[in-house]
Amino acid sequence: GEDVEQSLFLSVREGDSSVINCTYTDSSSTYLYWYKQEPGAGLQLLTYIFSNMDMKQDQRLTVLLNKKDKHLSLRIADTQTGDSAIYFCAAGKSTFGDGTTLTVKP
Amino acid sequence: DTEVTQTPKHLVMGMTNKKSLKCEQHMGHRAMYWYKQKAKKPPELMFVYSYEKLSINESVPSRFSPECPNSSLLNLHLHALQPEDSALYLCASSQVEQGKGYTFGSGTRLTVV
Numbered sequence: 003g004e005d006v007e008q009s010l011f012l013s014v015r016e017g018d019s020s021v022i023n024c025t026y027t028d029s030s031s032t033y034l035y036w037y038k039q040e041p042g043a044g045l046q047l048l049t050y051i052f053s054n055m056d057m058k059q060d061q062r063l064t065v066l067l068n069k070k071d072k073h074l075s076l077r078i079a080d081t082q083t084g085d086s087a088i089y090f091c092a093a094g095k096s097t098f099g100d101g102t103t104l105t106v107k108p
Numbered sequence: 070d071t072e073v074t075q076t077p078k079h080l081v082m083g084m085t086n087k088k089s090l091k092c093e094q095h096m097g098h099r100a101m102y103w104y105k106q107k108a109k110k111p112p113e114l115m116f117v118y119s120y121e122k123l124s125i126n127e128s129v130p131s132r133f134s135p136e137c138p139n140s141s142l143l144n145l146h147l148h149a150l151q152p153e154d155s156a157l158y159l160c161a162s163s164q165v166e167q168g169k170g171y172t173f174g175s176g177t178r179l180t181v182v
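Just so you know, the protein sequences line up as chains P and V, in that order. Residue numbers for the first sequence follow the numbering used here, beginning at 3 and rising by one. Residue numbers for the second sequence follow the numbering used here, beginning at 70 and rising by one.
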């Protein structure tokens with residue numbers, strides 16, 4: 003079945019860019035997603051990318067998709083302390099990575 | 070209204086109790102989902118309803134019983150749960166089942182004692 007892998011932790015300084023990486027095994031998902039989860043809260047959809055796109059930009063967020071390598075990344079520009087959270091990469095509705103905990107230091 | 074509302078936010082129940090979790094959305098979405106999330110883990114899909122019909126049941130034990138009374142409401146009936154069922158239960162919705170994105174509620178934190 004589908005598998006999605008992410009690195010577990012990322013720590014950056016406020017104002018720097020953050021890059022969270024994800025790899026997936028199955029290319030059949032039409033959309034790939036990035037979600038943010040803050041402590042005690044549900045998941046917030048940050049952005050999604052259609053599987054035939056290479057890049058999508060939405061304000062501070064840039065998603066890159068390398069279909070050949072089955073690699074997805076999320077870049078957050080000018081990272082703020084409010085961006086500290088767990089970020090999940092997902093393929094379709096049921097396959098999530100284990101989440102990357104982003105810590106932003108002042 | 071761009072939200073998925075879940076009630077209650079917290080629930081403590083005994084192993085012999087019967088309780089229900091409720092989920093509501095008024096975005097006109099025709100697919101609704103239940104997920105279970107244990108601490109520091111990703112969500113696990115439990116059930117999918119598409120146009121008020123059960124589309125997917127991910128081999129969930131029968132002590133969890135979903136119900137979709139109409140296109141805006143989704144319930145999860147709980148009976149004879151075990152302590153290991155304690156988790157955050159998340160409801161989500163999307164325009165259709167293979168949609169462009171899923172809107173999640175803030176969840177019900179369930180503790181089984």
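Note that CB positions come from ideal geometry on N, CA and C, so glycine has one too. Just so we're clear, the structure is a prediction, and the values are computed from it rather than from any experiment.
Which chain V residues sit within Cβ distance under 9 Å of D100 of chain P? The contacting residues are K109, K110 and P111.
If you measure between the beta carbons of L66 of chain P and Y50 of chain P, is that distance less than 9 Å? Against a cut-off of 9 Å, the Cβ pair of Y50 of chain P and L66 of chain P comes out as no contact.
For a contact defined as C-beta to C-beta under 7 Å, what are the partners of G44 of chain P on chain V? L159, F173, G174, S175 and G176, listed in chain order.
Excluding the five sequence neighbours on either side, which residues of its own chain have a C-beta within less than 7 Å of the C-beta of E166 of chain V, listed in chain order? Here the set comprises A100, V117, S119 and S124.
By the DSSP assignment, the beta strand (DSSP E) with L179 of chain V in it spans what residues? Start and end: T177 to V181.
Cβ of Y102 of chain V within 9 Å of any chain P Cβ: In terms of beta-carbon proximity, Y102 of chain V lines the interface with chain P, with at least one pair separated by less than 9 Å.
Who are the neighbours of L114 of chain V on chain P, taking C-beta pairs under 7 Å? Around L114 of chain V, the beta-carbon contacts reaching into chain P at under 7 Å are K95 and S96.
Beta bridge counterpart(s) of V65 of chain P as assigned by DSSP: V65 of chain P has P:K58 and P:L76 as its beta-bridge partners, per DSSP.
Expressed to the nearest angstrom, what Euclidean distance is found between the alpha-carbon atoms of L104 of chain P and Y171 of chain V? Approximately 22 Å between the Cα atoms of the pair.
Give the residues of chain P in contact with Q167 of chain V, contact being defined as C-beta atoms less than 7 Å apart. Chain-order list of chain P residues neighbouring Q167 of chain V: T32, by C-beta distance under 7 Å.
Check the DSSP bridge columns for L90 of chain V and list the partner residues they point to. Answer is V:L145, bridged to L90 of chain V.
8 Å Cβ shell around M84 of chain V - same chain, five flanking residues per side excluded: Exclusion of the five residues before and after M84 of chain V leaves A149, L150, Q151, P152, V181 and V182 as the residues of its chain whose Cβ lies within less than 8 Å of its Cβ.
Nearest-angstrom beta carbon gap, L12 of chain P and T83 of chain P [assumed within contact, 8 Å]: With a Cβ gap of about 14 Å, T83 of chain P and L12 of chain P do not count as contacting.
Whose Cβ in chain P lies nearer than 7 Å to the Cβ of G170 of chain V? Correct list: Y35, L47 and Y50.
Expressed to the nearest angstrom, what Euclidean distance is found between the alpha-carbon atoms of G44 of chain P and P112 of chain V? Near 10 Å, if we compare the C-alpha coordinates of P112 of chain V and G44 of chain P.
Among the candidates P:K72, P:M55 and P:Y26, whose CA atom is the shortest distance from the CA of T64 of chain P? T64 of chain P has its Cα closest to that of P:M55, out of P:K72, P:M55 and P:Y26.
So, do the region 84 to 98 of chain V and the region 17 to 37 of chain P have three or more beta carbon pairs nearer to each other than 8 Å? Counting Cβ pairs under 8 Å, fewer than three are found: no touch.
Which residues, taken in chain order from the region 83 to 94 of chain P, show a beta carbon closer than 9 Å to some beta carbon of chain V? Under the 9 Å Cβ criterion, the region 83 to 94 of chain P contributes I88, F90, A92 and G94.
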